[in-house]
Structure formats: structure tokens, C-alpha cells
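Below is one structure; the comments refer to it alone.
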Amino acid sequence: MALKRVALEIGMGTDIRGGDYTKAAVRALRDALWHNSLTVATAVGKSSDDMQVEVLIGVPKPELVDKNEVLAVLPHGTGTIKVVEGGLEIPNEAGTDKTVIAQAAAVVRLDL
């Protein structure tokens, strides 16, 4: 058997005030995951814990994301994460704060 992609989930998350990249990334992954109910695993005789999830996060400063905190969002299966440059950072008018927008993609694979 081989790993086959069975789903691609996409989301966006923000930290409106405070510029917390991890918070925005967590919210983006939750947005991607919490708008779906994947039943494909049970449909092919697998458990939801058999899913392997590859998480991709885009934020302006990837080094500021706590990868373990983002992966802790996954309710089932095992996950890997890659954080790349992307998303948006919008400073306030005073230049004292910023809004961070993160994008998330979760590629779900099963061994079929």
C-alpha cells in the first residue's frame, strides 16, 4: 500500500492585536479543520487516527511560530509541519502594534 492524498483543507487565521504569529497560525489551522468532517477514513476501513496530516503555514515571519503549539490542534492522526513566508502583517497607524494574518493548508493522507 502507499500513502494517498484524500483531502486538502484550507484556512485563515488572525491575531488582530498583538502580532502573535503562533496565535494566528493556530487559528488558521483550526479554521481549516473545523469546517470539515472527514469520513473517508472509516469509509475505507481505517481509523481517523490512521490519518497522516501535513500542515503548511504561511506567515510573514516563519521563525516566530511555535510549531508544536500549532500541531497540538490536530484532533486525530499524526502531523508534520512546515512554516513558510506568506500571509500578511498590517501595522497600526501609530506603528505600535500589528495584525497578523496566517494561511494554513492541511494535506490529509491515508495508507491505501
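Everything in the sequence shown is counted per this note's numbering, starting at 145 for the first residue and increasing by one.
Glycine included, each C-beta is placed from N, C-alpha and C at the ideal position.
Apply the 10 Å Cβ neighbour rule to residue i and answer buried if 16 or more other Cβ atoms are within range, or exposed otherwise.
i           : result
residue 246 : buried
residue 171 : buried
residue 250 : buried
residue 147 : exposed
residue 225 : buried
residue 164 : buried
residue 223 : buried
residue 159 : buried
residue 256 : exposed
Looking at the unbroken beta strand (DSSP E) that takes in residue i, where does it start and where does it end?
i           : result
residue 243 : 242-255
residue 233 : 232-235
In this structure, does DSSP put residue i in helix, strand or coil?
i           : result
residue 146 : coil
residue 151 : strand
Can you check the stretch 156-222 for any alpha helix (DSSP H) of at least 4 residues that lies completely inside it and give the ranges in chain order?
165-177, 184-187 and 211-215
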